[in-house]
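Undergrad:
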RNA sequence: GUCCCCUUCGUCUAGUGGUUAGGACGCCAGAUUUUCAUUCUGGAAACAGGAGUUCAAUUCUCCUAGGGGAUGCCA
């Protein structure tokens with residue numbers, strides 16, 4: 290049997306971090322088994338679904354490198370089919386029309402809660418004759434769910450979960466306006482799409498019981514189910530915008546590499562012994578449902594950042610250069626030229642050693658394409674003006690020289706200063722670096738000297754500044 | 001309120017009826033790097049609490065506490 294998984298987001302917002310992990314797990318499971326990974330956009334809520342959200346989700350998945358198979362399915366386009374199944378259940382006496390008003394429903398909830406019973410619809414139209422229907426009320430179609438016994442969910446992650454049927458009320462299949470609800474659509478679509486394995490957030494666990502009842506009523510096989518724990522914010526509370534409930538594009542904007550985020554997400558709730566750095570190939574080879582944990586995990590930016598640094602250090606120079614050139618162009622407010630790119634790429638090997646994000650990588654490369662003389666950032670300025678260190682004063686007086694990028698002179702100045710003051714170069718390295726790059730968040734001093742020291746590079750910089 | 005799920009260092013996690021309870025991030029200390037970063041070495045740091053089963057429980061059972069989820073004509 291070919292494994293078929295799916296990711297089924299509702300397009301009411303961006304692709305958030307939890308959704309991204311769900312997608313990743315589905316993708317990994319499909320690839321591990323040589324199966325298919327399908328995408329279904331659950332847009333049956335016409336009020337809240339937007340095209341912008343659909344685009345953001347697709348873009349997010351692409352950025353993460355989670356390629357889906359076949360064309361995405363748009364759930365709303367299948368509403369006829371959903372209605373057909375609802376009608377079938379109606380014909381079979383497994384569903385019925387309900388005319389209860391919103392007020393009645395609210396009242397039912399209130400009294401149920403007050404009496405300590407399971408809340409929900411009390412089934413007052415379940416066995417009533419349609420001739421008693423009030424005039425002018427568009428009915429909904431409800432599923433006649435079993436009142437007795439229990440529904441058992443055999444979950445690959447959660448284990449066996451039993452829900453008493455009396456806890457579950459008669460869910461709505463078709464709304465008053467004739468559109469299908471989520472509960473009906475998922476079941477029908479998963480069946481029609483041939484989904485063999487459902488992997489989704491455990492906020493759907495209770496829904497799973499209701500859906501199993503539907504599968505049973507329809508005589509369909511229940512797919513294998515895995516309800517994975519949710520991701521929480523650093524404080525343990527539900528993920529909010531302040532934490533990680535950002536769209537994946539926000540992570541891209543923050544300078545995280547997709548491969549780093551993927552690796553991080555994979556390790557959140559899944560493990561393979563002590564392995565931490567896991568390539569995509571290894572992930573596909575190793576991924577199984579058994580290794581998914583059952584408890585919720587917190588989002589930890591420190592670890593993500595560390596992972597990101599690791600991936601940046603391993604990354605190809607040209608690849609990284611390609612990523613930061615647009616950022617540099619923005620910073621410099623001018624288009625980048627071939628020699629700018631070449632210069633940055635030459636320096637990349639040294640630069641990437643100390644970068645934790647694509648953003649900081651761009652920051653540390655900025656001096657390479659900056660206009661001369663440099664404009665200092667505040668911190669750099671302060672360092673250079675700190676009169677508690679004599680050497681700095683000397684260097685500061687030579688700033689004109691420095692700004693002309695005469696490497697020989699710079700080196701001579703450094704050595705002279707260091708020797709005459711009997712200081713280690715280390716002591717003046719920080720301010721020196723500030724002087725050379727205009728900022729304190731720049732690369733190592735020797736990397737700076739090395740790159741700038743290349744006659745060729747210097748020539749190019751001068752050319753740039755003249756034009 | 002009712003139902004369901006979860007609980008190993010601060011965080012992500014490994015693990016077993018008998019282990020010095022392992023790794024990673026972060027933190028601290030040291031080495032290397034004439035700065036920073038990288039790298040390396042070392043260190044502090046955990047089985048939520050209480051019963052029970054057992055020769056032996058972190059591991060099995062129950063209870064409590066804490067956390068999370070569900071409880072929509074949202075998905």
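Numbering (this note's numbering), first residue to last: 290 to 756.
Heads up, the beta-carbon is just placed ideally off N, CA and C, and yes, glycines get one too.
Report the residue from 449, 496, 456 and 383 whose alpha carbon sits nearest the alpha carbon of residue 402.
TA: Translated into the one-based positions of the first chain, residue 402 becomes position 113. That would be 456, whose Cα lies nearest to the Cα of residue 402.
Undergrad: Going by C-alpha to C-alpha distance, which of 354, 469 and 435 sits closest to residue 383?
TA: Taking the first residue of the first chain as 1, we reach residue 383 at position 94. The shortest Cα separation from residue 383 among 354, 469 and 435 belongs to 435.
Undergrad: Pull up the distance between the alpha-carbon of residue 341 and that of residue 347, whole angstroms please.
TA: For this step, residue 341 is matched to residue 52 along the first chain. For this step, residue 347 is matched to residue 58 along the first chain. Answer to the nearest angstrom: the Cα atoms are 10 Å apart.
Undergrad: Out of 465, 438, 476 and 557, which has the shortest C-alpha to C-alpha gap to residue 453?
TA: The residue labelled residue 453 in the question sits at position 164 within the first chain. The shortest C-alpha separation from residue 453 is found at 438.
Undergrad: Starting from residue 256, trace the beta strand (DSSP E) in both directions and tell me its first and last residue.
TA: Past the edges of the chain, shown from 290 to 756, lies residue 256, and the structure says nothing about it.
Undergrad: Can you list the beta strand (DSSP E) stretches of 3 or more residues lying completely in the segment 356-424, in chain order?
TA: Runs of the beta strand (DSSP E) inside the segment 356-424: 384-387.
Undergrad: Just to confirm, are residue 321 and residue 569 a CB contact at a threshold of 9 Å?
TA: Numbered from its first residue, the first chain carries residue 321 at position 32. Numbered from its first residue, the first chain carries residue 569 at position 280. No.
Undergrad: On the DSSP letters alone, give me the boundaries of the beta strand (DSSP E) that residue 514 sits inside.
TA: The residue labelled residue 514 in the question sits at position 225 within the first chain. Here the beta strand (DSSP E) through residue 514 covers 513-517.
Undergrad: By alpha-carbon positions, which one of 463, 364 and 413 ends up nearest to residue 481?
TA: Start at 1 with the first residue of the first chain, and residue 481 comes out as number 192. It is 364 whose Cα lies nearest to the Cα of residue 481.
Undergrad: My understanding is that residue 520 touches residue 585, with C-beta atoms under 8 Å, so please give their C-beta distance in whole angstroms.
TA: Position 231 of the first chain holds residue 520. Position 296 of the first chain holds residue 585. Yes, residue 520 and residue 585 are in contact; Cβ-Cβ is about 7 Å, under 8 Å.
Undergrad: Hey, quick one: how far does the beta strand (DSSP E) through residue 505 stretch, first residue to last?
TA: Indexing the first chain from 1 puts residue 505 at position 216. Per DSSP, residue 505 belongs to no beta strand (DSSP E); it is in the alpha helix (DSSP H), 494-507.
Undergrad: Please classify residue 616: does DSSP put it in a helix, a strand, or coil?
TA: In the first chain, counting from the first residue as 1, residue 616 sits at position 327. Three-state DSSP puts residue 616 in a helix.
Undergrad: Can you list, in chain order, the residues of its chain with a C-beta nearer than 8 Å to that of residue 528? Leave out the 5 residues immediately preceding and following it.
TA: Your numbering for residue 528 matches position 239 in the first chain. If we look at residue 528 and ignore the five residues flanking it on each side, its Cβ neighbours are 305, 306, 307, 519, 520, 521, 522, 534 and 588.
Undergrad: State the DSSP-derived secondary structure class of residue 321, mapped to helix, strand or coil.
TA: For the purposes of this step, residue 321 is identified with residue 32 of the first chain, where counting begins at 1. Helix, per DSSP.
Undergrad: Using only the heavy atoms of the ligand FAD, determine whether one of them is closer than 8 Å to the beta carbon of residue 518.
TA: What this structure holds is no ligand at all, so the ligand FAD is not there to describe.
Undergrad: Should residue 381 be labelled buried (16 or more other beta-carbon atoms within 10 Å of its own) or exposed?
TA: On the first chain, position 92 is the one that residue 381 refers to. Exposed, because fewer than 16 other Cβ atoms sit within 10 Å of the Cβ of residue 381.
Undergrad: Assign residue 447 to one of three DSSP states: helix, strand, or coil.
TA: Residue mapping note: residue 447 aligns to position 158 of the first chain, counting from 1. DSSP places residue 447 in coil when its eight states are reduced to three.
Undergrad: Using a 10 Å radius around the Cβ and a threshold of 16 neighbouring Cβ atoms, would you call residue 762 buried or exposed?
TA: Since the displayed the chain opens at 290 and closes at 756, residue 762 lies outside it and no answer follows.
Undergrad: At 3 residues or longer, and completely inside the segment 556-617: list those beta strand (DSSP E) runs for me, N to C.
TA: Within the segment 556-617, no complete beta strand (DSSP E) run reaches 3 residues.
Undergrad: Evaluate residue 377 with the Cβ neighbour count: other Cβ atoms within 10 Å of its Cβ, from every protein chain shown; 16 or more gives buried, anything less gives exposed.
TA: Taking the first residue of the first chain as position 1, residue 377 is located at position 88. Exposed: under 16 other Cβ atoms inside 10 Å.
Undergrad: Measuring straight from C-alpha to C-alpha, what distance separates residue 294 and residue 324?
TA: For the purposes of this step, residue 294 is taken as residue 5 along the first chain, with counting starting at 1. For the purposes of this step, residue 324 is taken as residue 35 along the first chain, with counting starting at 1. Roughly 8 Å separates the two Cα atoms.
Undergrad: Within its chain, find whatever has a CB closer than 6 Å to the CB of residue 644; leave out the 5 residues flanking it on each side and keep chain order.
TA: Locating residue 644 in the first chain gives position 355, counting from the first residue. Cβ neighbours of residue 644 beyond the five flanking positions: 601 and 650.
Undergrad: Grouping DSSP H, G and I as helix and E and B as strand, with all else coil, what is residue 307?
TA: Along the first chain, read from residue 1 onward, the residue named residue 307 stands at position 18. It is helical.
Undergrad: So for residue 650, helix, strand or coil by DSSP?
TA: Residue numbering aside, residue 650 sits at position 361 when the first chain is read from its first letter. In this structure, residue 650 counts as helix in the three-state DSSP scheme.
Undergrad: Once the 5 residues before and after residue 654 are set aside, which same chain residues still bring their CB inside 7 Å of it?
TA: The residue labelled residue 654 in the question sits at position 365 within the first chain. Excluding sequence neighbours, residue 654 sits near 613, 617, 633, 636 and 640.
Undergrad: Would you list the residues sitting across from residue 490 in a DSSP beta bridge?
TA: Working through the first chain from its first residue, we reach residue 490 at position 201. Answer is 517, bridged to residue 490.
Undergrad: Skipping 5 residues on each side, what residues in its chain have a beta carbon closer than 6 Å to that of residue 296?
TA: As a working mapping, residue 296 is identified with position 7 in the first chain. 312, 315 and 328.
Undergrad: I need the DSSP call for residue 623, collapsed to helix, strand or coil.
TA: Residue numbering aside, residue 623 sits at position 334 when the first chain is read from its first letter. Three-state result, residue 623: coil.
Undergrad: Helix, strand or coil for residue 426? Go by DSSP, reduced to three states.
TA: Working through the first chain from its first residue, we reach residue 426 at position 137. Residue state, collapsed to three classes: coil.
Undergrad: Among 337, 331 and 355, whose alpha-carbon lies nearest the alpha-carbon of residue 362?
TA: Within the first chain, the letter at position 73 stands for residue 362. Comparing Cα positions, the closest option is 331.
Undergrad: Per DSSP, what kind of secondary structure is residue 551 in: helix, strand or coil?
TA: Stepping through the first chain from its first residue, residue 551 is reached at position 262. It is helical.
Undergrad: Assess, as a yes-or-no matter, whether the segment 367-377 is touched by the segment 347-356 under the definition of 3 or more beta carbon pairs within less than 8 Å.
TA: No, the segment 347-356 does not touch the segment 367-377.
Undergrad: Report yes if the C-beta distance between residue 397 and residue 389 is below 9 Å; otherwise report no.
TA: Translated into the one-based positions of the first chain, residue 397 becomes position 108. Translated into the one-based positions of the first chain, residue 389 becomes position 100. Yes.
Undergrad: Compare the C-alpha of residue 418 against each of 394, 409, 387 and 432 and name the closest.
TA: Along the first chain, read from residue 1 onward, the residue named residue 418 stands at position 129. For residue 418, the nearest C-alpha among the options comes from 387.
Undergrad: Rounding to the nearest angstrom, what Cα-Cα distance links residue 547 and residue 541 in this structure?
TA: Sequence index remark: in the first chain, residue 547 carries index 258 (1-based). Sequence index remark: in the first chain, residue 541 carries index 252 (1-based). Taking the straight line joining both Cα atoms gives about 7 Å.
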